[in-house]
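The sequence shown runs 7 to 197 under the working numbering. Read the structure below first, then the notes.
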Amino acid sequence: METKNIMIVGVGGQGSLLASKLLGHLLMAQGFDVKVSEVHGMSQRGGSVVTYVRYGDKVFSPVIDKGQADYIVSFEALEAARWLPYLKKDGQIVTNTQQIDPMPVITGAAEYPENIIDKIRSTGAKVDALDCLTLAEKAGSSKAVNIVLLGRLSHYFDLPEDEWMKSLEANVPAKFLDMNKKAFELGKNFA
């Protein structure tokens, strides 16, 4: 199998590390060679962050180059646009529609771009956009945006749902497991 590439992009503190850990666990359990990069960016300060998850028969590097991402999982709409050059021509973006103002917008030095999802789609990119924050809150916690996104991403993988649940069980503390399973289902079944 050729190597597949997933980029997880967002803003520090949104749970991208747990998302990449869950994906890595899931894919290793399926027998793939998996490389997961460290989080790059200002994760402690609300800045842009990115992690790479690469899997296949044999993966030699955790780094994804421009034009090589099969999937971009974005925790925030502007981050999907920021990392768009990394998407393959036939790649898929799964993004939260939530808007988190970056520092230049907060300070008034810039404006948040309008209709960012439409602008991404106008490039020809395939975009699956949903309000993950509302779904996470419905599941019981605004912090479950990452799991809602993984639930949505599961649509694009030919893996049984119980395999995704095993990864949740292995990586999420028991007291948060039911809420995270609900968040996964809400993302997966979003119409």
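Each residue gets a CB set at the ideal place from its N, CA and C atoms; glycine is no exception. Source: prediction; values computed, not measured.
Just curious, the alpha helix (DSSP H) that residue i is in, first and last residue?
i	result
D96	No alpha helix (DSSP H) holds D96; the beta strand (DSSP E) holding it covers L93 to N102.
S128	No alpha helix (DSSP H) holds S128; DSSP gives it neither H nor E.
P110	M109 to I112
Determine the contact status of residue i and residue j, defining contact as a CB-CB distance below 7 Å.
i	j	result
V42	G16	no
Q104	L159	no
Y61	V40	yes
A25	L165	no
D134	V100	yes
F196	L136	yes
S148	H31	no
With a threshold of 6 Å (Cβ to nearest heavy atom), would residue i be considered close to the ligand COA?
i	result
V65	The ligand COA is not part of the structure shown, which contains no ligands of any sort.
For residue i, report the span of its beta strand (DSSP E) as first-last.
i	result
L136	K132 to L136
G16	K10 to V17
A75	A75 to S80
G21	Looking at the DSSP string, G21 is not in any beta strand (DSSP E), and its letter there is neither H nor E.
D39	D39 to V42
G62	S54 to G62
Given that a residue counts as buried once 16 or more other Cβ atoms are within 10 Å of its Cβ, and exposed if not, what is residue i?
i	result
V59	buried
T113	exposed
T129	exposed
I66	For the sequence presented, residue 66 should be read as Phe rather than Ile. Flag for F66 reads exposed.
A76	A quick correction: the sequence has Asp, not Ala, at residue 76. Flag for D76 reads buried.
A150	buried
message = List, from N- to C-terminal side, the beta strand (DSSP E) runs of 3 residues or more that fit wholly inside the stretch 144-172.
response = none
query = On the three-pair Cβ rule with 8 Å, is the stretch 84-99 touching the stretch 68-76?
reply = Look at the beta carbons and you see the stretch 84-99 touching the stretch 68-76: at least three pairs across the two are nearer than 8 Å.
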